[in-house]
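Report on the following structure.
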Amino acid sequence: MLRTSSRLKLLTLCLIAHSGLAAAQAQQQAPAQQRPAQTPPQLERIEPGSDTPATTIPPKERTRITEKRGNDGSVTEVEVQSGKSRYIMKPNVAPGNAQPGDAQSSAIRAPQWQVMEFDFGNPKKQQTDQANAAPSPAPAKAGVPARADVPPPPPLEPVEKK
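Just add 114 to the spot in the sequence shown (first one is 1) and you have this note's numbering.
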């Protein structure tokens, strides 16, 4: 009898806790539900055939893939441009008589990026800064001839070891 009474107490406790949670949720939801306004919101009339679109969707840059093929129709290289990144992929041609899976052949060939291809800012601005930064020779004073370029120093004479 002791066993059934402890089970009954546990069941009663769970039901009371559940009903308390349900009551708390009902109180929180009641103030959030309000009556809708009597007047509908003002809508803007769009004339048929107007030039302004209802929604503006910005254009997305897509990945552009250009294939170059040889005279026999096989792909010789593929150029992929995605945003500012551009790389070239070439097929993996096995050297000599190597077959796929041999020790002489490799499984993949990595893509190739061109050196100095990526833009790290505005290149036109960098070029103008370098042109302006070149030092100009100092103007000659009255009566003093302009300085000529200094010749390089003479080569050193070989020194004998003692």
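All residues carry an ideal CB built from backbone N, CA and C; glycine is no exception.
Counted as a single uninterrupted DSSP element, the beta strand (DSSP E) harbouring ILE179 occupies residues 178 to 183.
Shown here, SER133 sits in a helix according to DSSP, grouped into three states. Minimum Cα-Cα distance from ALA224 among the listed residues GLN139, THR177, LYS204 corresponds to LYS204. For THR170, the three-state secondary structure derived from DSSP is coil. Note on geometry: alpha-carbon atoms of GLU181 and PRO269 lie some 56 Å from one another. In the three-state reduction of the DSSP assignment, ARG223 falls in the coil class, being assigned neither a helical nor a strand state. Here SER196 carries a strand assignment [DSSP, helix/strand/coil].
Non-local beta-carbon contacts of ILE222 in its own chain, meaning distances under 7 Å to residues more than five positions away in sequence, involve ASN206 in chain order. Secondary structure at THR153: coil, using DSSP grouped into helix, strand and coil.
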